[in-house]
Amino acid sequence: MMRPLVLLACGFLSALLAPAAGPAPALPTQLQPNTNSPLLDSLLRADARLLPVVEHTAEYELQVIYTQIDRNEQGQPAFTEHTFRLDARQYFNPASLVKLPTVALALEKLNELHQPGLTRRSPMSTAAAFRCQTPAPYITSADSDRVNTIGNYAKRMLLVSDNRAYNRLYEFLGQRPLNERLATLGYPKTRIVRRFAPCDTAANRHTNPIEFLDPATGAVSYQQPAAVNSQPFDFPLGRISKGRAHQAGGRIVPGPYDFTTANYLPLASITGMLRTLLFPEAVPAAQRFHLRPDDYAFLRYYLHQTPHGANYSSYRPARYFDAYKKYLYYGRQPTTSAEPGLRIYNIVGMSHGYLADVAYFADATNQSEFMLSAVLYVNKNGIINDGTYEYDSVGLPFLAALGQQIRQYEANRPRSGQRLSAQLAPMETVR
């Protein structure tokens, strides 16, 4: 289905992203499925590389959102959304997609605590007070990248999708405050209720005691006691089970895997969150994260940078290649180098056979910009947790071809207003 989103705004990450003029519509939260956009349907079927998945969409549980961005003569963008098989009732495991709202809310919480000496650079110590909790003590290091801080945890999540870093920010937020804040932002059906660790449902409701130091003085700047969500959340889709069998305790167990109490984040919701962070003035004020300009610059920098491009010292080894977290367009190929004229701001997910990427493309080479989100399921044998998935043979090649197909179409799509400049404004490293 095509949904015109007339969101007038101005600016850009120095030149592309910016404030809106006039009222903006609320982001969609409904659970009703959408009909397919004729344009997106035709684009998917026009590329032979995409047909093996597109012709078996039920098997691959494919969902796609393609958002066109057109600017007027003043550079103000308007958004038109095209969808393919978008259905919030079709459960998929969001995996690391939940890291984007978790990072944004952690930065927001730092602002709202209003504690002197408490910033994203403050050394952080996490203790353990309940089963399944693990400690992360203070680290003293001449290399600031190795100190445990909210900022460094966020960088690790956005650059290489680090799971332990996510656990630390999940614990800092607390299960109930995290989800209640997402509800007030317009995402009442979203559920982020699990660590990336083998913790049971009850243990995930308990979060650790945490302490921060003032980086200037070394004194304690904030202490947060252990907390528990005493009222478990319901789950919008009811009971959810997948697969013909699952692996547990090193053996294959007949019967489906139960996702009922797993994290739940529909594709439309995470797409809306990314758009909100990149174009905050293009959504109603009540649906914006409470972030400062420096927070937005920080998020945008690490959403688009590659592990090496970020100059983050922990990710210099060769295994953290340019395409490590850029599934759409690059397909996570170790030998692929990022194109200098193309910036991709994105968040990805890969788990239990599900593969997802939610991205904003700023293409200086072709002077175009658009958003693209997709998720598909590649688990031919139907066994959950056995580690045998078709990520490399089906999922990643499909996502790469999808991004390339939409980029090619965008390069030739007529535009009556302002296009991107040939050179994007330089971006300094944000610490």
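In case it helps, this note's numbering puts the sequence shown at residues 102 to 532.
For each residue, glycine too, the CB sits at the ideal point set by N, CA and C.
At the level of alpha carbons, what is the spacing between A317 and P195?
38 Å
On the three-state DSSP scale, how would you describe Q276?
helix
Give the secondary structure of K210 by DSSP, where H, G and I count as helix, E and B as strand, and everything else as coil.
helix
Would you check if the stretch 292 to 307 and the stretch 268 to 279 touch, i.e. whether three or more CB-CB distances between them fall below 8 Å?
yes
In the DSSP output, what is V449 paired with across the bridge?
D458
Segment limits, alpha helix (DSSP H) that includes Q505:
497 to 513
What separation, rounded to the nearest whole angstrom, lies between the Cα atoms of G518 and F231?
57 Å
Burial state of I353, where buried means 16 or more other Cβ atoms lie within 10 Å
exposed
Please state the DSSP three-state secondary structure of I166.
strand
Give me, in chain order, the residues of the same chain whose beta-carbon lies closer than 6 Å to that of F399; leave out the 5 immediate sequence neighbours on both sides.
V531
DSSP puts D396 in a beta bridge; with which residues?
Note: D396 sits in no beta bridge, so no partner.
For a quick check, are the C-beta atoms of I507 and L477 less than 7 Å apart?
no
Using 7 Å as the threshold, is the C-beta distance between A207 and I251 below it?
yes
Grab me the residues of R533's own chain with a C-beta within less than 8 Å of its C-beta, minus the 5 sequence neighbours each way, in chain order.
Residue 533 is absent from the model: the chain starts at 102 and stops at 532.
Using alpha carbons as the reference points, say which of L163, K256, T220, D244 lies closest to Y403.
K256
So is V321 buried or exposed if we call it buried at 16+ other beta carbons inside 10 Å?
exposed
Going by C-alpha distance, which of R186, L443, N253, P326 is nearest A460?
L443
Could you tell me the alpha carbon to alpha carbon distance between G488 and G344, rounded to whole angstroms?
13 Å
Taking 6 Å as the cut-off, is the beta-carbon of G483 closer than that to any non-hydrogen atom of the ligand NAD?
This structure simply doesn't include the ligand NAD, nor any ligand for that matter.
How would you label P153, buried or exposed, when you count the other beta carbons within 10 angstroms and need 16 or more for buried?
exposed
Determine the direct distance from the alpha carbon of F471 to that of G450, and round the result to whole angstroms.
20 Å
Look at the Cβ atom of Y358, then the Cβ atom of R292, and state whether they are nearer than 7 Å.
no
CA-to-CA distance, T158 to R146, given in whole angstroms
12 Å
The beta strand (DSSP E) that contains Y323, what's its start and end?
321 to 325
Neighbourhood of E529 by C-beta, 7 Å cutoff - its chain only, sequence neighbours within 5 removed:
none
Reduced DSSP secondary structure (H/G/I, E/B, other) of K256
helix
Rounded C-alpha distance that separates R277 from S262:
23 Å
For L388, name the three-state secondary structure that DSSP assigns.
Residue identity check: residue 388 is Gln in the sequence provided, not Leu. Of the three classes helix, strand and coil, the one that applies to Q388 here is helix, per DSSP.
Please classify N513 as buried or exposed, where buried requires at least 16 other C-beta atoms within 10 Å of its C-beta.
exposed
Tell me where the alpha helix (DSSP H) around A304 begins and ends.
302 to 305
Neighbourhood of Q332 by C-beta, 6 Å cutoff - its chain only, sequence neighbours within 5 removed
none
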